[in-house]
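For reference, the structure discussed in these notes is given below.
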Amino acid sequence: MALLRAHHLLLMRPRAAFSSRPPPLSSSPCRRALPTTAVASRLLCSHHASSPPDDAPTSASPSIVADLLDYLNESWTQFHATAEAKRQLLDAGFTLLSENDDWDLQPGGRYFFTRNTSCLIAFAVGEKYKLGNGFNIIAAHTDSPCLKLKPRSASFKSGHQMVNVQTYGGGLWHTWFDRDLTLAGRVILKDADGSFKHELVKVSRPLIRVPTLAIHLDRTVNSDGFKPNLENHLVPLLATKHEETTANSSEKNSPSSTKVVHHPLLLQVLSDEIGCKSDEIIGMELNVCDTQPSCLGGGNNEFIYSGRLDNLASCYCALRSLMDSSKMPEELSNEKAIRMIALFDNEEVGSNSMQGAGAPTMFHAMRRIVDSLMHQSMGEGALDRAINSSFLVSADMAHALHPNYPDKHEEHHRPELQKGLVIKHNANQRYATSAVTAFLFKEIARHHNLPVQEFVVRNDMGCGSTIGPILASGVGIRTVDCGIPQLSMHSVREMCGKEDVDTTYRHFKAFFEMFSDIDRKLNVD
């Protein structure tokens, strides 16, 4: 019994991943492996599991599921996702570049840069790279539908301190009710010397909540449906109103005081988390986040339950595949191309921002890389030839067949969980896949005996889109759209199959390792 209580306390202890402070760097891009019992406790949603999950890495088929869960639990916002990717790249030996500096790149080198701390581009240059050779790229996005604090977040309703929020993206907003929520993002701080700094913050404990109305006060909710007004009803509750926490009159009249627009209690919580004074916080960009950790679940512990799977699962598979395909010098010794990942922000709202895929960030990076590798040699149309030889994998989560709503899928294109990566097709170019790009991507899977599925939306339903068409048309690059199948897309809590994560990682890693050789075998123009 004592052992059971100790095990229960271990599981209920707050995770280190919830800390707002960065974890110490280690000698590998992943967390240090834990003993089997610790891994089971760390991964499973329930402490009553009869056996640990069967996801231990093997030499033949390594699993990245445990590391993905760590990444998800670190990455509550697009800022934290980028910062964690940055940490892992530095730990793996990649060189951090600045867009404001000159670049001195070399064949065999591994580099990356960030923009707005929410967009990241990393690349590894093949040892046999020559001017005009292409880029093999995997692109994904770091943002997810969520609630964000309004610029003036403080409000009072019936004696309660409320936090004003705005909806970001196309979320399933009803799933945010009655969840243990908190805040995370970034703040701007003013130092005593008058300078400013940017810092990430994550409040790990449940801080706010959007309570539903009791059925006794809404008797028809089950028959008429839950239809909240997003302006009036989707307002998180912070605390009951206390006069001593309200700002005094001089603060209210001070145009520079953030206490005019944010609850003093909220500022105090943030300052305690950061380790600063509340009046040092002069700006903030905060997301509402669910505090429930990402974990494994299901009868066989075969599913991943998490927020933000769309699209951090794709981001992490891309990140790991680049790091693992280029961590040893010999892995780039015969590479003639440049391996790249591009992780963008703001996909959920159209990508039209300086950190989104609609900006020329990737194109400018490709141009600067080619220019830096020219080393005084003259190459006519080097960048144009490189783009023509390049290939982009646009990775964004896909709609798995829902067992309760099978009629929502086209009869002959019904991707399933645990059946492999999904290639997305749309004749109206909502996806950028063509017969050529689909064939090349499937050929990689065929060489490695990896399953592949295909998706087409029904003709009587609208089709979503991705960053694939944006980059394909903006850069002029061959593109295939694909994704890991999932359920509950855009819910506060999504799910996918853990086998699909490992399959996607192996597919992406194989793409980096062998696409250049496969591409030479097909001549279209």
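Residue numbers (the numbering used here): 4 to 528. Think of the CB as a built atom: it goes at the ideal place given N, C-alpha and C, for glycine as much as any other residue. What you are looking at is a predicted structure, and each value in this text was computed from that prediction instead of being measured.
Straight-line Cα distance separating residue j from residue i
i           : j           : result
residue 77  : residue 136 : 36 Å
residue 111 : residue 485 : 29 Å
residue 470 : residue 357 : 14 Å
residue 430 : residue 275 : 53 Å
residue 203 : residue 185 : 14 Å
residue 513 : residue 300 : 28 Å
residue 95  : residue 125 : 12 Å
residue 510 : residue 335 : 18 Å
residue 506 : residue 66  : 9 Å
residue 341 : residue 386 : 13 Å
residue 519 : residue 189 : 40 Å
residue 527 : residue 389 : 16 Å
residue 433 : residue 88  : 29 Å
residue 222 : residue 229 : 11 Å
residue 447 : residue 287 : 45 Å
residue 522 : residue 238 : 52 Å
residue 214 : residue 180 : 6 Å
residue 86  : residue 120 : 7 Å
residue 205 : residue 279 : 14 Å
residue 423 : residue 391 : 29 Å
residue 220 : residue 440 : 55 Å
residue 240 : residue 452 : 51 Å
residue 435 : residue 468 : 9 Å
residue 425 : residue 487 : 6 Å
residue 483 : residue 140 : 11 Å
residue 170 : residue 108 : 42 Å
residue 363 : residue 283 : 35 Å
residue 191 : residue 277 : 11 Å
residue 249 : residue 269 : Note that residue 249 scores a pLDDT of 46, beneath 50, so its modelled location is shaky; the value from the coordinates is reported in the next line. Their Cα atoms are separated by approximately 11 Å.
Where residue i falls: helix, strand or coil (DSSP)
i           : result
residue 120 : coil
residue 469 : coil
residue 140 : strand
residue 191 : strand
residue 272 : helix
residue 511 : helix
residue 131 : coil
residue 499 : strand
residue 11  : Unreliable placement is indicated for residue 11, whose pLDDT of 42 sits below 50; the coordinate value is still reported in the next sentence. If DSSP states are grouped into helix, strand and coil, residue 11 belongs with the helices.
residue 493 : coil
residue 294 : coil
residue 169 : strand
residue 377 : helix
residue 154 : strand
residue 397 : strand
residue 185 : strand
residue 518 : helix
residue 204 : strand
residue 264 : coil
residue 308 : strand
residue 280 : coil
residue 386 : helix
residue 178 : helix
residue 316 : helix
Whole-Å CB distance - residue i paired with residue j, under 8 Å assumed
i           : j           : result
residue 460 : residue 413 : 7 Å
residue 152 : residue 166 : 7 Å
residue 348 : residue 194 : Not quite, the Cβ-Cβ distance comes to about 27 Å (not below 8 Å), so this is no contact.
residue 405 : residue 457 : Incorrect: roughly 17 Å between the Cβ atoms, too far for contact.
residue 235 : residue 149 : Actually they are not in contact, since the Cβ atoms of residue 235 and residue 149 sit about 19 Å apart, beyond 8 Å.
Where residue i falls, given that 16 or more other Cβ within 10 Å makes a residue buried
i           : result
residue 503 : buried
residue 218 : exposed
residue 313 : buried
residue 70  : buried
residue 265 : buried
residue 29  : Because the pLDDT of residue 29 is 38, which lies under 50, any placement of that residue in the model is unreliable, and the question is left without a value.
residue 377 : exposed
residue 524 : exposed
residue 310 : buried
residue 329 : buried
residue 155 : exposed
residue 333 : exposed
residue 501 : buried
residue 243 : exposed
residue 142 : buried
residue 84  : buried
residue 398 : buried
Any chain B beta carbon closer than 8 Å to residue i
i          : result
residue 85 : As a matter of chain content, chain B is missing from the structure shown, which is built from one protein chain.
*Going along the chain, which unbroken runs of the beta strand (DSSP E) with 3 or more residues stay wholly within the region 427–487?*
455–459, 481–486
*Quick one: complete beta strand (DSSP E) runs, 3+ long, within the region 321–364?*
341–347
*Runs of alpha helix (DSSP H) wholly within the region 73–121 (minimum 4 residues, chain order)*: 81–94
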